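Everything below concerns the one structure shown next.
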Amino acid sequence: MTDPKKNTGRQPEEIEEGTGTTQPGVPELELEDISWELEDSSAAGKTPPEPEAPEPAPAALDPFASEVADEARADMEATAGEEAATSDEGYALVDEEYAEQDAAPEEYETDAQEVSGEYGTEAESAELEQEPEPAYEEEAPQEVGYELESESAPEPEPEPEPEPEPQSVAPAAPPRMEYEEDEESAEATYSRDWGWKTSRSGFSPFVFELGGVKHMFSSRGIDIIEDISALGGYFKYLVDNVDAPGMGLLTLSTEFKYAGVLARKNLEESGELTPEGSLHIFSRRKLEGGQVSVFYEVLPRNRHVGLMELYNSSVDGFVILDSVSMMYGLLRRKGRGVHALALHLPGTIVLVAGKNGDVHLARRYTLVGDDEQALVEGIFALEQDLVALEKNMGQKISHVDWTEALTPTLELPQPDVDIPIIPTAVHEFTLNGERVWSALPQVVSAVPTSGNLGPKEEAYLRPLEQAEKWLWAVLLAMALVAGAGVYAIQGVRGQVKSQVQSIKMQMNELENRLRSRAVNVAFEDVDPALNLANGFRQAALSPPFGEMWNFLSSLRPGSIRVDGLELRYSQDFVDVRLEGQVEMELAGAQQVFTAYIEDMERAGFTVTGQQLDLDLEGNYYTLNVRWPLTEKGD
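In my numbering, the protein residues as written are 57 to 690.
What follows is the structure, encoded as structure tokens:
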């Protein structure tokens, strides 16, 4: 808003009318610039400006600038009277505009500041000093005009400030400051240190369908295929049903066996399950109060039927998985504890969280775009849901297992969240000549078949296929062991045969030697020969006389005297007869003789007869013992 009465000192046409002269050589723009610099000096508190310090500066100016300064000085002196005449009117304008400003402060705020800068007191000019100085510094590039006016007019009357220029310059600074603060906060909030780990381990081939394009993952890399019938063997088929009608949890007040029927009815009534959708129930869980929690997913019927037809046309068959069933299978494999798993696909994030293998939260986050900001917003939304889940369960979630499906870069932004995000190890591939990374080989190989969306028999055929490999390995090991055993037995058999053959040869040799030495013996000569042989045998078994005497002497006590010894050798034993005297008194003779007999029995003799005659003249004894020859011979 501009008032014509306030700009009388700034219009070149009015200056020309007051002086009666015209200035064809002075442009109007330069006069406005000079007035602007004068107002800048007054706005600064009427203090001498810094460029006024060097005195010799005007001598270095060009002639055209001096001429402009002289003409401006003449015009200002000519209009001094006119300005003094209109001073009273100016004070009236000030009062009127202040009154209008109280009524509408937003509309007249700028004009009131301009008038107070020209006609107000020192307090009002001090308020003007609080305006941001960068706005005036940016609009004062011409230092020549500023110096000329400072010297030519030592006490100039400050001109009003042009209205449009402060409004266009002043608001420009704050937005720039806010943008810089946003950048600093973004750098402080986002962290690109995900801690990625690259894996080079082998994995079983599988197919990943994304956006209608089939990607075959194998140890050789990623290949885009059209038909899976060329794939031999058993594999897993992973598809992302991004256009699925929905998935989630239903809490029903019913019996456990009727939970599936009631869940279908509720979904049909709510409109989530339509004829274009196919309901798949993953699990049912009993709650307190007779309630049942049902974890379900509504699949697009056309795509699901197409996959089933593709399965029926396959000879070996395959396991059908989607992003939700895969995350559910991984959660079941985690076992006890609270776990949260997230799968990042282009344009979406699939979250499955629960406790002890039961799903407590399942959600798909659709990202608005595929840029960093969309990913950050999705992670923030994911964290908010997990924090709410922690409050409901009363337990903390240690971390989020992050699975990157297919990404062209690992430089992803990670917001500063309370629950840490731990990425799964990725494999590096080349797709269409560009490097890509994916963690699907790690998770697809680990996911169980419990989340299979195809026929249920695949849940049993897949483990049997894995058991088949072990069965073949066991059979091969058994065959190797059997072969080694047969080889060892053949070697032992050959050794035994050689030993038997050697023994047979020795027997034949002995027979030949015996036959060569055999003589004809008459029948009547056999008995004497046998008797002689028995005599030799008995002599060999019988102990010599001296040895028997020494043995008996070792057993005899010192108080027993042997007066006579008789040895009789028979076929199987030796009879010994001892006669003598016990040289002791009557009381101790019996005990000594009894102890002697016991020692003889312990030594191996058998007592066949004993006699002890106790008399004052002497204690005489007779002892008959027998020594077996067979025991000694053995």
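Built from N, CA and C at the ideal position, the CB exists for glycine as well.
Since the model is a prediction, treat every value here as computed from it, not as a measurement.
Would you mind sorting residue i into buried or exposed? The rule is 16 or more other CB atoms within 10 Å of its CB.
i, result
"T459", "buried"
"T480", "buried"
"E514", "buried"
"H395", "buried"
"D457", "buried"
"E629", "Reading off the sequence, residue 629 comes out as Phe, not Glu. Per the 10 Å Cβ criterion, buried."
"F592", "exposed"
"D378", "buried"
"N675", "buried"
"Y202", "With a pLDDT of only 37 at Y202, under 50, the local geometry of the prediction cannot be trusted, and the value read off the model is given with reservation. Buried, since its Cβ has 16 or more Cβ neighbours within 10 Å."
"S598", "buried"
"S381", "buried"
"Y652", "buried"
"V500", "buried"
"L586", "exposed"
"L387", "buried"
"L532", "exposed"
"I280", "exposed"
"D167", "At D167, the pLDDT of 40 sits below 50, so the modelled position is not reliable and the matter cannot be decided from this model."
"A538", "exposed"
"H455", "exposed"
"S494", "buried"
"I559", "exposed"
Which residue from the options puts its Cα closest to that of residue i?
i, options, result
"G620", "V582, P600, N680 and R569", "N680"
"T404", "V371, L438 and R276", "L438"
"R45", "T330, E622, S610 and D372", "With the chain running from 57 to 690 in the structure shown, residue 45 is simply not present."
"T505", "F291, Q546 and Q562", "F291"
"P613", "D655, P599 and E603", "D655"
"V473", "V500, G434 and M303", "G434"
"D671", "G644, L306 and N508", "G644"
"P471", "V503, F436 and N488", "F436"
"K253", "E484, P599, T650 and A418", "E484"
"S326", "K512, L343 and G302", "G302"
"L462", "M272, S257 and S626", "M272"
"N322", "E311, P331 and L306", "L306"
"G251", "P684, I478 and Y516", "I478"
"Q451", "L431, A409 and Q666", "A409"
"V269", "S275, E282 and R276", "E282"
"D426", "P402, K411 and K447", "P402"
"S610", "L570, R658 and R320", "R658"
"L466", "N590, H400, Q627 and L329", "H400"
"V375", "T678, Q627, R357 and P511", "P511"
"E521", "E673, G373, L355 and L287", "G373"
In whole angstroms, what is the alpha-carbon distance linking residue i and residue j?
i, j, result
"Y352", "S339", "7 angstroms"
"I337", "I284", "27 angstroms"
"S369", "I278", "24 angstroms"
"A398", "M383", "8 angstroms"
"L509", "G541", "48 angstroms"
"L85", "E490", "Any reading at L85 must be qualified, since the residue scores a pLDDT of 40, below 50, and its modelled position is unreliable; no value is offered."
"L496", "N488", "18 angstroms"
"V648", "G660", "19 angstroms"
"L536", "P519", "26 angstroms"
"A544", "K553", "14 angstroms"
"A300", "G346", "30 angstroms"
"E567", "V618", "56 angstroms"
"W605", "V582", "36 angstroms"
"P464", "L423", "17 angstroms"
"T177", "L468", "Low local confidence applies: a pLDDT of 40 at T177 is under 50, so the model's placement there is unreliable, and no value is given."
"D669", "L642", "10 angstroms"
"G333", "A523", "36 angstroms"
"V482", "Q546", "54 angstroms"
"V371", "R320", "33 angstroms"
"R573", "N590", "23 angstroms"
"V548", "R569", "32 angstroms"
"S564", "Q557", "Inspection of the sequence shows that residue 564 is occupied by Asn rather than by Ser. Their backbone Cα atoms lie some 11 angstroms apart in a straight line."
"N448", "R341", "17 angstroms"
Confirm the yes/no value for this check: CB of residue i, any heavy atom of the ligand NAP, distance under 6 angstroms.
i, result
"V537", "Ligands are entirely absent from the displayed structure, and the ligand NAP is therefore not among its contents."
Next on the checklist: For a minimum of 3 consecutive residues, which ranges assigned as the beta strand (DSSP E) are wholly contained in the segment 418-478?
Outcome noted: 456-460
Checklist entry - Pairing CB atoms from the segment 309-317 with CB atoms from the segment 345-361, are three or more of them under 8 angstroms? => result yes
Checklist entry - Do the segment 293-301 and the segment 256-268 meet, that is, are 3 or more Cβ pairs less than 8 angstroms apart? => result yes
Checklist entry - In the segment 502-542, which residue ranges form an unbroken alpha helix (DSSP H) of at least 4 residues, counting only runs that do not cross its ends? => result none
Item to check | Whole runs of the beta strand (DSSP E) within the segment 253-328, excluding any shorter than 3 residues | outcome: 262-266, 269-274, 277-281, 291-295 and 302-308
Item to check | Inside the segment 617-675 only - alpha helix (DSSP H) runs reaching at least 4 residues | outcome: 642-658
Next on the checklist: Would you call the segment 406-418 in contact with the segment 442-455, where contact means no fewer than 3 C-beta pairs closer than 8 angstroms?
Outcome noted: yes
Next on the checklist: At 4 residues or longer, what runs of the alpha helix (DSSP H) sit wholly inside the segment 365-421?
Outcome noted: 379-390
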